[in-house]
Each structure stands twice: as structure tokens, then as C-alpha cells.
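In my numbering, the protein residues as written are 6 to 523.
1) Where residue 376 and residue 392 are concerned, what is the direct C-alpha to C-alpha distance, given to the nearest angstrom?
2) Could you pull the start and end residues of the alpha helix (DSSP H) that residue 388 belongs to?
3) Is the CB-CB distance between residue 244 and residue 132 below 8 Å?
4) Alpha carbon to alpha carbon, how far is residue 252 from residue 354?
5) For residue 229, count the other beta carbons within 10 Å of its own beta carbon; 16 or more makes it buried, fewer makes it exposed. Which is it?
6) At 3 residues or longer, what runs of the beta strand (DSSP E) sit wholly inside the stretch 176-225?
7) Rounded to whole angstroms, how far is the Cβ of residue 337 from the Cβ of residue 448, which I believe are closer than 8 Å?
8) Give me the Cα-Cα distance between residue 235 and residue 328, rounded to the nearest whole angstrom.
9) Cutting at 8 Å between CB atoms, please list the residues of its own chain near residue 294, excluding the five before and the five after it.
10) State the CB to CB distance for the pair residue 269 and residue 275, rounded to an integer number of angstroms; the pair is presumed to be in contact (CB under 8 Å).
11) Assign residue 118 to one of three DSSP states: helix, strand, or coil.
12) Under the three-state reduction of DSSP, which class applies to residue 373: helix, strand or coil?
13) Have a look at 197, 97, 166, 179 and flag the residue whose alpha-carbon is nearest the alpha-carbon of residue 85.
14) What residue does the alpha helix (DSSP H) around residue 285 start on, and which one ends it?
15) Mark residue 366 as exposed unless 16 or more other C-beta atoms lie within 10 angstroms of its C-beta, in which case mark it buried.
16) Just to check my reading of the structure: residue 204 and residue 248 have Cβ atoms closer than 8 Å, yes? What is that Cβ distance to the nearest angstrom?
17) Less than 8 Å between the C-beta atoms of residue 474 and residue 384, yes or no?
18) Can you tell me the Cα-Cα spacing of residue 191 and residue 164, whole angstroms?
19) By a C-beta neighbour count over all protein chains shown, 10 Å radius and 16 as the cutoff for buried, is residue 450 buried or exposed?
20) Quick one: Cα of residue 179 to Cα of residue 135, how far?
21) If I measure Cβ to Cβ from residue 201 and keep anything under 7 Å in the same chain, skipping five residues before and after, which residues do I get?
22) Who are the Cβ neighbours of residue 96 in its own chain at under 7 Å, not counting the five residues just before and after it?
23) Where does residue 175 land, buried or exposed, given buried means 16+ other C-beta within 10 angstroms?
24) Do residue 468 and residue 390 have their CB atoms nearer than 8 Å?
25) Would you mind giving the Cβ-Cβ distance between residue 170 and residue 254, rounded to the nearest angstrom? I have them listed as a contact below 8 Å.
26) Out of 420, 315, 387, which one is the CA nearest neighbour of residue 156?
27) When the Cα atoms are used, what is the spatial distance from residue 395 to residue 303?
28) Within 10 Å of its beta-carbon, does residue 137 have 16 or more other beta-carbons around it, so buried, or fewer, so exposed?
29) Along the chain, where does the alpha helix (DSSP H) containing residue 368 start, and where does it finish?
30) How would you write the range of the alpha helix (DSSP H) that residue 472 sits in, first residue to last?
31) How about residue 399 and residue 371: do their beta carbons lie closer than 8 Å?
32) Tell me, to the nearest whole angstrom, how far the beta carbon of residue 98 is from that of residue 239; I am working on the premise that it is less than 8 Å.
33) Three-state secondary structure (DSSP) at residue 326?
34) So for residue 400, helix, strand or coil by DSSP?
35) Compute the Euclidean distance between the alpha carbons of residue 90 and residue 10, then round it to the nearest angstrom.
36) Could you give the DSSP three-state label for residue 268: helix, strand or coil?
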């Protein structure tokens, strides 16, 4: 039975015209079992034909925005997935820092403002300085405090890098084919660009500047501001620069592993630099980890222990301080105080050669320097480095140690203000009632001298002594050098088998011969 699409009347199957209205069937009539009810009632009508009815395949991404389709493409999705965990780490740190006791006057702010302030503090993980200003004013007079902290906490920064590396390596393992140099550079560039965009968005969302409390006595509106005003901000553009550079280099190292292996296999000089960097990173990680454990024990044993969150944040910085002092470098602290009636600067410096009143337990830190030199020399001896490779190992280790030690310094500025006027913070008539500047860092000449001395001992002297004392027999089977490409294993040729035994010729007349004893 056929149904007319104009009046809905039923006609005989195969009819050319509708039996009710007489209109011809221009297209094949709709069968009765194909009719679908769109709704109840007498005025129900069939639904209009959509993309599916026209034969267009269903596309889940058709309704996505161009930006969503771009980010979900195979080119950009791996970098976006790799940055998910590091970004979540920064957001989690901001959530933990959104505490009323973290910065003065935080208890007066709403949670959203505290979270924005905590995000500004969390960006110090990527190398951004942090500032906080709190002002109390009654409309005529004002006073307040200002804090600026310059610190690179190595522990959360290394955790950020570790999470990013994990995401990149997971994507690298899912790739079926090795990557060439152009593909590795393209993936590294996309990772760096998305890191810059993500860090910029976090920087724009960080910081707060608003009135925290307006309950103080005030003068008529429009004349002067009154209340408690809080400003928390960071130089987040520095975090964008350092994060982009670190993410790009890390992605290039992960995706360019195959290219590095091939290049190192073909060129002995490049192989020496890469193996030297690998050995230096392992030795530094072991020694700094042991120093961090010693610093944690020493800090926990103090009578006046710092806040609980300081331990995990400054753990690696403490380990580097142990290694630097044990190497003989000079650690300097400078504090300058300027008040209304008192100005003064206090500088202290101590090393193993001049403890300057510090505890004699600092002498134990020399074991870290000895351990670093011993591990470095043992690796050079065990890997049979020649003189050129040992020099490369020493150069890489010296640069890495210098960068870590010089970057472990910290600085802080504390200032109190008073003034009068209506402009923020205190108008034109503003003065500092007290200023305290505190910095802790290394004496650069002593650090350079100590690092070069201990690196020469570890990379040159210790392996030379081990070469004379420890006689190692030549290996029976030569081992391939490091960074050898993964070549398919070749089947060993079959061992030659003995030729089959040839039976003695049989005499056809043997059966008819007369026995010998007859």
C-alpha cells in the first residue's frame, strides 16, 4: 500500500496517481511501514529531513568551533595532553596557597580573590618574582607593608618538568614510526607555543587588586579612599619565557631521541657529549638527592622550624646549599635595614674555611663533594673514556653544577610605608618608615673555583688513579658504545655438521661364498 505525501490517503501498491486527490506520484510512494509519528494529536506531521535523511554521514566534530577542532587535531592534541598534568600542578598549588594565613589580609578576601593571589604565588615555580602590598587607610592617613620575593623553588619546578616529560614520552611511545629531525622540531615547536599560551592565560588570571575591608572610619564618599587594600601580583611574563624555553628543549630531547641516537652512532664526538651529559645528570641527581635528605633532617631538628610547606618546596635548594658549602664555595647573606633613625647593613659569609660562627657540623658536607667526584671518576673509568671524552664529561658537569648552584639563590624585600593622600598606595606624600632587604646567594668567584677544582678531580684525576689501580681484562665480546641504534638481531650461521657416514660397499657374491672354516 502506498501513502500520498500531499493528502495522506492510501492507494493501491504501484498506482500512478492518488486515489483521493488525484495527484500523480512524482517519486516512489512512501511505504506504510516507513511512516513515523512525530507527535500526538490530529495535527501531527512528519519531521523534516535532516542531514542524516539526505544521506550525509554523521560527523561528531561538525558542531565544534574552529578552535576546538584545531586543538583536537592530531598535530596539536599530543602537546595539549602533555601540558594537562603540569597545568593541573600549578592550579593545585594555587588552591593550596589560597589560605588565609599565607599572606596578610587574605582572610578579608573572597575565595576567588585568594585563588588568584595563590596563582600569582604558584607562578614562582616557573621563575616569576612575587609581590604583595597591603595598605590600611582611613581616608586621611595610611600605612602598609610591601613584600617582594625572588626565589626559584627547584622541587616543584623539577616536578613540573617531570610531569611534562612523562606526557611527552607517553605520546612518543604510541608513535608507530621513528621521527626524523623535521617532525621532532615541529612537535617541539607546538609544545613550546602551547606552553606559552597556557602560561600567559594563567598569568592573566593571576593577581588581585581590590579593597579587602571597608569597615574603617571614612570621610564623605568621593574625597578619599578608606579601608584595607590588597595587591598581589607577579612578573608572570618571566614565567612565560622560562616555561616556553624549558618545554621546547625538553620536547626536542624527547621527540628527537631517534635522531640523536643515529647522530651519536655516526659521530664519536657527539656521542661523547651526550654520554657525558647523561653521566653528569645521574651523578648530580644522586648527590643532590642525598644532600636534600640531609638538609631535611637538619631543618627538622631545629628548635624553630619553619612552616610545613617550606620543607617540600625548598628541599632541593637545601641539598644544593649542602653541596656548595661542601665543595668549598662561600655562601653569602646580606640584610640591609633602613628605618627612620637607624640605617645599617649586615653581611655574613661562611664556607668550610671560615665557618663564621656556624656549627661545625657543616664539615660533614665535604662528603658530598667527595661522593660526586668519586661517582664521576668511576663512571669515566667503567665506560673506558679516553682523554677527550673525560674533558667533555668535565665540561658538561661543570656547566650543569654552576647553573644549578647560581640559580638556587633567593632574595626578599620587606618595606613598611606611611603617608597621606587619596591615590594608591599612599599618594604623593609617601615615605618608607622601615625597609629590610634580605638576599642569600653564592660568591660567584668561589663557586667557579670550587666547581672547576672538584670537576677536574672527578673527571680527570680519579679515573687516572683507577686505571692504574684496577686492572680490568679486555671483554671477550666487544660491547657496542652508548646510543647504539636498535638494529635487528641477526641469526647466527648454523654450525657445520659432520658428513653422513658412508656404508662399506656390499659384495653381491658374499652370500654364495664358501665359509672360511670349511
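Yeah, the Cβ is synthetic: ideal placement off N, Cα and C, and Gly gets one too.
On the basis of the supplied data:
1) One C-alpha to the other measures close to 22 Å.
2) That residue, residue 388, is in no alpha helix (DSSP H); it is neither H nor E in DSSP.
3) yes
4) 36 Å
5) Its pLDDT being 45, under 50, residue 229 is placed unreliably by the model, and the measurement read from it follows with that caveat. Buried, by the Cβ-count rule.
6) 213-218
7) 6 Å
8) Each residue's Cα considered, the two are about 39 Å apart.
9) Counting only Cβ-Cβ distances below 8 Å, and skipping sequence neighbours, we find 324.
10) About 5 Å separates the two Cβ atoms, so the contact holds.
11) helix
12) In the three-state reduction of the DSSP assignment, residue 373 falls in the helix class, which pools H, G and I.
13) The alpha carbon of residue 85 has as its nearest neighbour, out of 197, 97, 166, 179, the alpha carbon of 197.
14) 273-305 is the span of the alpha helix (DSSP H), which, as asked, contains residue 285.
15) exposed
16) So it is a contact: roughly 5 Å between Cβ atoms.
17) No, Cβ-Cβ distance for residue 474 and residue 384 is not below 8 Å.
18) 25 Å
19) The residue in question, residue 450, is exposed, as its Cβ has fewer than 16 Cβ neighbours within 10 Å.
20) Near 40 Å, if we compare the C-alpha coordinates of residue 135 and residue 179.
21) 245, 249
22) none
23) exposed
24) yes
25) For a cut-off of 8 Å, the C-beta gap from residue 170 to residue 254 is around 11 Å, too long to register as a contact.
26) 315
27) 35 Å
28) buried
29) Run containing residue 368: none; DSSP gives neither H nor E here.
30) 467-474
31) no
32) Not confirmed; about 13 Å, so no contact.
33) helix
34) helix
35) When rounded, the distance between both Cα atoms is 58 Å.
36) helix
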